[in-house]
């Protein structure tokens with residue numbers, strides 16, 4: 001158990017144009033010796049210098065570079081999963097900055113808690129510009145920015161394990177448990193959020209227990225352009241779009257209009273009315289959430305249509 005080998009995975013789409021170099025530099029500084037871990041990085045159909053940037057770290061990191069021409073984060077990660085050697089699989093993103101003891105803390109946590117198969121580390125915000133608007137106190141930080149700033153280690157709900165700092169014991173995945181490729185980031189279109197949550201929820205349903213390792217810390221980059229009411233509210237549409245895929249049993253049964261259950265139409269109309277009534281008023285928590293829910297319900301309706309085969313039987 002003390003010889004656990006770690007595989008770190010991420011997919012990058014045009015990462016060289018953003019924060020990929022910062023991520024790689026933080027991995028260079030890891031305290032875990034290079035013979036104890038590997039990095040498998042997938043260039044996912046980038047049209048910038050992502051591949052060249054990854055190659056430039058070949059002498060600094062124990063890195064394997066893959067290329068996936070088909071767009072989509074989930075498919076790229078599945079490609080990487082077929083190449084790994086680790087006992088622990090660490091999933092992260094190409095816009096994080098890891099603390100130097102990150103991987104060592106993950107290994108220590110997994111050794112100390114052998115009865116747990118899923119681990120979630122601490123994810124703290126790395127703001128490009130510190131937010132000043134009051135709305136930042138109103139939003140769900142997890143689903144909006146993948147922030148889980150819990151300083152206490154211990155057993156946790158599997159829904160509190162988030163993508164940029166997700167750890168899974170390899171034996172839980174085997175050769176068959178993989179990401180759903182109809183969920184997750186795709187360039188240029190609305191996509192269903194929740195690819196990381198979906199695989200964890202699936203593992204939990206099969207008995208895997210989750211543990212929060214607060215000592216394993218990454219900083220998740222949040223650009224200034226994302227810290228606006230408008231951006232956060234419209235992100236609610238992506239969240240809603242993915243919910244029928246993650247939780248099909250929660251989609252109401254009964255009569256459908258244009259593929260959407262009647263109760264969802266009623267709830268959508270209620271939130272649309274509230275958003276319209278409050279839109280021209282000054283900033284407030286009530287106004288913010290009415291508009292957010294309007295976008296969420298719009299995404300939820302589209303998600304039901306997209307993932308209807310999973311719910312039509314009821």
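Numbering (the UniProt record's numbering), first residue to last: 1 to 314.
Ideal placement from N, C-alpha and C gives every residue a C-beta, glycine not left out.
For residue 293, the closest alpha carbon among the candidates 308, 276 and 70 is that of 276. With contacts defined as CB atoms closer than 9 Å, residue 68 and residue 43 qualify as a contacting pair.
Beta-bridge annotation (DSSP): residue 127 is paired with 222.
DSSP places residue 10 in the uninterrupted beta strand (DSSP E) bounded by 6–12. A check of alpha carbon separations from residue 159 across 153, 152 and 148 identifies 148 as the nearest.
Distance from the CA of residue 234 to the CA of residue 250, rounded to the nearest whole angstrom, comes to 22 Å. In the DSSP annotation of this structure, the continuous segment of the alpha helix (DSSP H) that includes residue 107 starts and ends at 102–112. From the listed residues 21, 185 and 29, the smallest Cα separation to residue 56 is found for 21. With respect to the C-alpha of residue 215, the residue from 301, 154 and 8 having the closest C-alpha is 154. By the neighbour-count criterion, in which a residue is buried when 16 or more other Cβ atoms sit within 10 angstroms of its Cβ, residue 34 is exposed.
Residue 245 counts as buried, since at least 16 other C-beta atoms from the protein chains shown sit within 10 angstroms of its C-beta.
For residue 44, the enclosing beta strand (DSSP E) starts and ends at 37–44. The C-alpha of residue 30 lies about 26 Å from the C-alpha of residue 200. When the alpha-carbon of residue 90 is set against those of 125, 41, 47 and 70, the nearest one is in 41. The beta carbon of residue 75 is closer than 7 Å to those of 68 and 181 in its chain, skipping five residues each way along the sequence. In the DSSP assignment, residue 91 falls within the unbroken beta strand (DSSP E) covering 88–91. Our two residues, residue 27 and residue 299, have alpha carbons roughly 36 Å apart in a direct line. In this structure the region 56–66 does not lie against the region 169–185, because fewer than three pairs of beta carbons, one per stretch, are closer than 8 Å. A distance below 9 Å separates the beta carbons of residue 290 and residue 271.
In the three-state reduction of the DSSP assignment, residue 281 falls in the coil class, being assigned neither a helical nor a strand state. Fully contained in the region 202–279 are the following alpha helix (DSSP H) runs of length 4 or more, in chain order: 229–246 and 262–278. The region 116–136 and the region 159–175 touch, with three or more beta-carbon pairs separated by less than 8 Å. With a cutoff of 9 Å on beta-carbon distance, residue 137 and residue 15 are scored as not near each other. Taking residue 207 as reference, the option from 12, 115, 13 and 306 with the minimal CA-CA separation is 115.
With respect to the 9 Å criterion, residue 218 and residue 112 are not classified as neighbours on the basis of their beta carbons. For residue 115, the three-state secondary structure derived from DSSP is coil. Proximity of the region 126–146 to the region 251–259 falls short of the contact definition, fewer than three beta-carbon pairs being nearer than 8 Å. Under the DSSP definition of a beta bridge, residue 302 lacks any partner. The straight-line gap separating the alpha-carbon atoms of residue 73 and residue 92 is approximately 11 Å. Sequence-distant Cβ neighbours of residue 50 in its own chain, meaning closer than 7 Å and more than five residues away, are 12, 14, 15, 16, 20 and 43. Here residue 295 really is in contact with residue 237; their C-beta atoms are around 4 Å apart, less than 8 Å.
The Cβ atoms of residue 135 and residue 283 sit closer than 9 Å to each other. In this structure residue 39 does not touch residue 117 by the C-beta definition: roughly 22 Å separates them, more than the 8 Å allowed.
Between residue 36 and residue 107, the C-beta spacing is below 9 Å.
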